[in-house]
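Asker: Sequential numbering from 1 applies to the sequence shown in UniProt numbering. Backbone N, C-alpha and C fix where the C-beta goes; we use that ideal spot for every residue, glycine too. Please read these numbers as outputs of a predicted model, since none were measured by experiment.
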Amino acid sequence: MGDCPHARPVRGRSPTGSAVCSETPRCGANPGRRASEGQLSPVQSRHLRVSAGFKAHKMQKKAPPPSPAPLPPQYYQTHHSGADYILLPPYRPPSCRRRVFFSSIVILLLFAFALFFFWPSDPDLSVVRLRLDRINVSSRKLISLDVSIALTVKVRNKDFFSLKYNSLVVSIGYRGRQLGFVTSQGGHIRARGSSYIDATLQLNGVEVLHDAIYLIEDMISGSIPFDTVTRVDGNLGVLFFSIPVQGRLSCEVSVNTDNQTIVRQDCYPE
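#1: Can you tell which of 138, 149 and 117 has its C-alpha closest to the C-alpha of residue 131?
#2: What does the Cβ neighbour count give for residue 174, buried or exposed, with the cut at 16 atoms within 10 Å?
#3: For residue 208 and residue 180, what's the separation of their Cα atoms in angstroms?
#4: To the nearest angstrom, how far is the alpha carbon of residue 225 from that of residue 255?
#5: Residues bridged to residue 262 by DSSP?
#6: Taking the runs of the alpha helix (DSSP H) that are 4 residues or longer, which of them lie wholly in the region 186 to 253?
#7: What is the DSSP secondary structure of residue 139, counted as helix, strand or coil?
#8: Put residue 268 into one of helix, strand or coil per three-state DSSP.
#9: Quick one: is residue 260 buried, meaning 16 or more other Cβ sit within 10 Å of its Cβ, or exposed?
#10: Taking DSSP as the reference, what is the three-state secondary structure of residue 175?
#11: Suppose the cutoff is 7 Å on Cβ atoms and the five residues either side in sequence are ignored; what does the same chain contact list for residue 110 look like?
#12: Which same chain residues, not among the five before or five after residue 24, have their C-beta less than 6 Å away from its C-beta?
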């Protein structure tokens with residue numbers, strides 16, 4: 001005990017029978033340092049090495065701590081400075097989805113509505129007044145025909161753009177063969193507006209060669225059928241563009257040769 005004033009005896013003795021002292025923490029010495037300096041016996045040094053190796057082996061055999069349970073796929077976990085953060089994906093309430101769906105439907109309906117009403121269309125033609133002024137069939141040398149018909153045509157612009165028509169052409173025929181036509185001047189029709197055009201069709205001494213026999217038969221029966229075609233050619237002013245349009249109207253007219261009147265009139269657009 002005199003060799004180690006601040007130590008206490010270790011339980012047991014060395015093979016030589018001398019007491020083995022170890023310093024307490026009060027002495028401020030490191031037991032490992034004393035062992036390295038050779039103050040411990042070889043047996044004790046071996047026991048210390050075996051004990052340290054056994055502890056290290058036990059620490060290696062310890063099972064690793066259980067891993068945390070995996071989170072659902074829609075969550076994301078990050079580690080930053082020892083704290084856990086959970087990031088949630090953006091969530092859109094069902095009401096927003098329904099609002100987007102109904103908004104898309106409304107936009108499509110409005111687009112279809114605008115396309116239907118603003119798409120350029122041909123003008124409408126109708127015969128407001130048709131009057132037979134004169135009809136005469138002559139058979140001096142060749143069979144010829146004199147006809148004078150006055151009519152009023154209504155041209156209606158259905159579009160939301162103004163219409164500028166170049167001319168109005170009215171033709172008359174007999175049994176599919178054209179006898180003559182008349183052309184009127186052009187004009188301008190405002191958007192969603194209408195215009196009335198007067199035209200007089202006169203045929204003087206028009207010879208009928210191919211259908212002379214049918215004309216004589218119709219004259220004897222007292223009724224001659226004619227067919228008229230009215231056509232309007234124009235352009236629609238859509239913004240900076242000019243879109244060509246055309247309107248056609250066909251009529252079947254039967255006139256009475258005795259009293260010089262129209263007995264039947266049937267018109268239909270083409």
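Answerer: Result, derived from the coordinates:
#1: 149
#2: buried
#3: 12 Å
#4: 7 Å
#5: 255
#6: 212 to 221
#7: coil
#8: strand
#9: exposed
#10: coil
#11: none
#12: With a pLDDT of 45 at residue 24, under the threshold of 50, the predicted position of this residue should be treated as unreliable, and no value is reported.
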